Structures are given as structure tokens and as C-alpha cells.
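Note that the numbering used here numbers the sequence shown so that position 12 is 19, with each residue one more than the last.
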Amino acid sequence: MTEPSTQQPRQSPPPPAGSGGTVPLDSTAQLLTRITAQLGTQLSLVSRNGTRRPMHRTRPSEALRPSGTLRPSAAPRPPAAPRSPDAPTLLVVAHGSRDPQALRTVLALLDRVRDLRPGLDVRLGHIELNRPLLPDTLDGLRGADAVLVPLLLGRGHHVKHDLPAAAAAAPAVRTRVAAPLGPHPLLVEALYGRLVEAGWDPADQGSRSAAVVLAAAGSRDPDSAQDTRRTARMLAERLGVPVVPAYASAATPTVPAALRALAARGRHRTFVASYFTAPGRFASAAAGAAPRTAAVPLGAHPAMARLLLHRYDQALSATAPSGMVSLLASA
8 MTEPSTQQPR
18 QSPPPPAGSG
28 GTVPLDSTAQ
38 LLTRITAQLG
48 TQLSLVSRNG
58 TRRPMHRTRP
68 SEALRPSGTL
78 RPSAAPRPPA
88 APRSPDAPTL
98 LVVAHGSRDP
108 QALRTVLALL
118 DRVRDLRPGL
128 DVRLGHIELN
138 RPLLPDTLDG
148 LRGADAVLVP
158 LLLGRGHHVK
168 HDLPAAAAAA
178 PAVRTRVAAP
188 LGPHPLLVEA
198 LYGRLVEAGW
208 DPADQGSRSA
218 AVVLAAAGSR
228 DPDSAQDTRR
238 TARMLAERLG
248 VPVVPAYASA
258 ATPTVPAALR
268 ALAARGRHRT
278 FVASYFTAPG
288 RFASAAAGAA
298 PRTAAVPLGA
308 HPAMARLLLH
318 RYDQALSATA
328 PSGMVSLLAS
338 A
């Protein structure tokens, strides 16, 4: 028989927490501390409404210090605001264009709107030329509330007749028709930003040789022309130089004629501001007449997203719909 060894047996290190092994506890206090820590971890995964937060949003190796506390940069972000069941759909109504850039531009604008108002149901419908067409989008909203916000810049045939007619043809949807986007200071902000991108120098303010042509689509409706002229006046106040409205169709002067008239007055440093919501045939024609690079259409400028939500909120602040409420005042 061999003599028993006098050396004390080596103790295995305690298994790491969460490994499923047994961890020796030195005291009741340690037991309470560990229970409290585990409860805190579990409660951190539960939102205020009692639902469990998804685990993949926080990676423990990056979110925790060695001590087990959250790093400042890994603090949980507040969840996106849930969609209110009472919030009507924001249905943006675009004209439509054969230019493939037009649809991409409008979709980018709608993404900006969703970023500004998380949880809001934002949809798109076209008057013509692109899908989805407005009647199809309305058909998908049966039994719901919707605010039709025209992606149009002034009062004209589409705003006064086409949108109300489409809403009336969808009696299963409780609708409001919001005002067109213009005139409004946020449009002026977007126009100014696009001009600066095209090379407008703010130092030209007050210059005797500078001027801007506000190129618009044009309409036979006198209210549409009045809205464009008002936007031109607001932009002129912002720039400090003359701004002349001109049109691609249905109204005068044309963009080339406006440029010639300004040159005859000694305004040789002229820019063309594109008063269009997206690329298309009219926007391309206006840009082709510019003596230098024309500003791009308003598109997904941040001010445009804010303006769409402003018109939506304006419509909601009016009397609740009874079938359809039309809000064509351009306040």
C-alpha cells in the first residue's frame, strides 16, 4: 500500500456565470447579490408595455464593461414610436412621369417622411403614368382613414378636380384632401438649397447683374399661376434679386423668353430654379434652356419631407371627415 499523499488536492476554478455549472457561494449576501443582478438583466429585456425586447439589438461583448455594467455608448435606445391605430394613412399623391428618375426620387422623399414620423403609415399613389395609381392605393385602404397630400406645388386642375374625384370614387375610405405644397416658406427653403448646390453665391444678394428664373410646369388655372407668382416673390425676398416665374407649358413667359427679358435689363448672371417636385420632361426642358447649370428639382430635400407632414397635420386639425373633407386653402 502506498502512503496517502499529504498534498492538498487542487481545486478547479469556478465555472463562468451562465455556463450551467455550480458556483460556490461564500455567504447569503453573495446569493442575494447574484439573484438581484440576474433579475436586473432579465428586466432590462422587457419594455414598458410588457413585451420582450429583441436580443440581437445588443451584443454583450460590445455593450458591457468587464464589470458587467453598460458602456455609455451602448445604452439602450428608446424604441421607435409605435404606430397609433387612430393615425390616418398619409397618402402622398404624385403626378407621375415617364422619367425613371421621377419614381426613385419620390420614393426617396417618402423614406425621409417615414424617418421624421416613425410608425406613420405612408403610401404613394400616382395620378397617371406610374404605378401604383391612386385608385389602386385607395382600394388597398378600404375601411381606413387617409389624408391625401398632393405632391403638387399649387392649385390647379389635379388638386381641384382629380383628387376630390378619386376620393369620392373610394367611399370605403374616409378621406381628407390636404392643401397643395405651395406656396410655403419651406418650399422657398428647398429652392434656395437647390440653387446653392447649383452654384448660387449668397454674395450675389443685391447684385445688379444677378437674377433667377423660377421654372414651373404651368397651368391654365389662374390660381396656379397666382401661387407660382407668390412663391417667386418669397424667393426674391430670400435672394435679394429679381425672381421671374416662367413656364414649360400652358402659360407665359417661357423659360427662354424670361431669360432674354432679364438679359435685356442687364441681368446676365442668371440662374434657373427648378420648381418641380421630381425629374421629368418639363424639368429637363427648363434645365436645357439655362445659360449655366440649372438647379435640380426639389425632390427629396429635407424641407420637402417636413412640408408633406405639415400639410398632413393641417388636414388632421380640421373637422373630422364625413366621407371627404377638401382642404384647398394654401395657408
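Backbone N, C-alpha and C define an ideal beta-carbon position, used for all residues, glycine too.
Bear in mind the structure is a predicted one, so any value in this text is a computation, not a measurement.
Assigned exposure category for residue i - 16 Cβ within 10 Å defines buried
i, result
"Pro125", "exposed"
"Leu114", "exposed"
"Pro157", "buried"
"His165", "buried"
"Val99", "buried"
"Arg274", "buried"
"Gly225", "buried"
"Pro234", "What sits at residue 234 in the sequence shown is Asp, not Pro. Result: buried."
"His168", "exposed"
"Ala253", "buried"
"Met62", "In this prediction, Met62 scores a pLDDT of 36, lower than 50, which makes its location untrustworthy; the coordinate-derived value is nonetheless stated afterwards. Classification of Met62: exposed, given that the 10 Å Cβ count is below 16."
Closest residue to residue i among the options (Cα-Cα distance)
i, options, result
"Val251", "Arg245, Arg240, Ala258", "Arg240"
"Leu159", "Ser291, Asp143, Gly132", "Gly132"
"Arg272", "Ala294, Thr259, Pro142, Val248", "Val248"
"Pro340", "Ala222, Ala297, Leu116", "Outside the displayed span of the chain (8 to 338) sits residue 340, for which this structure offers no information."
"Leu316", "His102, Gly103, Leu116, Arg111", "Leu116"
"Pro229", "Gly103, Gly295, Ala258", "Ala258"
"His102", "Ser324, Arg288, Ala325", "Arg288"
"Asp106", "Arg318, Gly306, Ala297, Ala285", "Ala285"
"Ala243", "Val262, Ala217, Ser231", "Ala217"
Straight-line gap, residue i to residue j (C-alpha atoms, nearest Å)
i, j, result
"Pro95", "Asp152", "5 Å"
"Leu97", "Ala322", "10 Å"
"Arg138", "Leu202", "31 Å"
"Thr277", "Arg181", "47 Å"
"Asp143", "Arg215", "51 Å"
"Asp146", "Leu140", "10 Å"
"Thr300", "Leu170", "34 Å"
"Leu110", "Ser104", "8 Å"
CB contact flag (residue i, residue j, <7 Å)
i, j, result
"Gly163", "Thr238", "no"
"Val184", "Ala175", "no"
"Leu155", "Val220", "no"
"Ser281", "Ala268", "no"
"Arg313", "Leu193", "yes"
"Gly306", "Thr112", "yes"
"Ala186", "Met311", "no"
"Ala179", "Arg149", "yes"
Beta-carbon contacts of residue i that lie in its chain and below 7 Å, excluding the five residues immediately before and after
i, result
"Ala292", "Ala255"
Own chain partners of residue i with C-beta closer than 6 Å, once the 5 adjacent residues on each side are dropped
i, result
"Val129", "Leu97, Leu117, Val120, Arg121"
heavy atom of the ligand FAD below 6 Å from residue i C-beta
i, result
"His191", "Because no ligand of any kind appears in the structure shown, any question about the ligand FAD cannot be addressed here."
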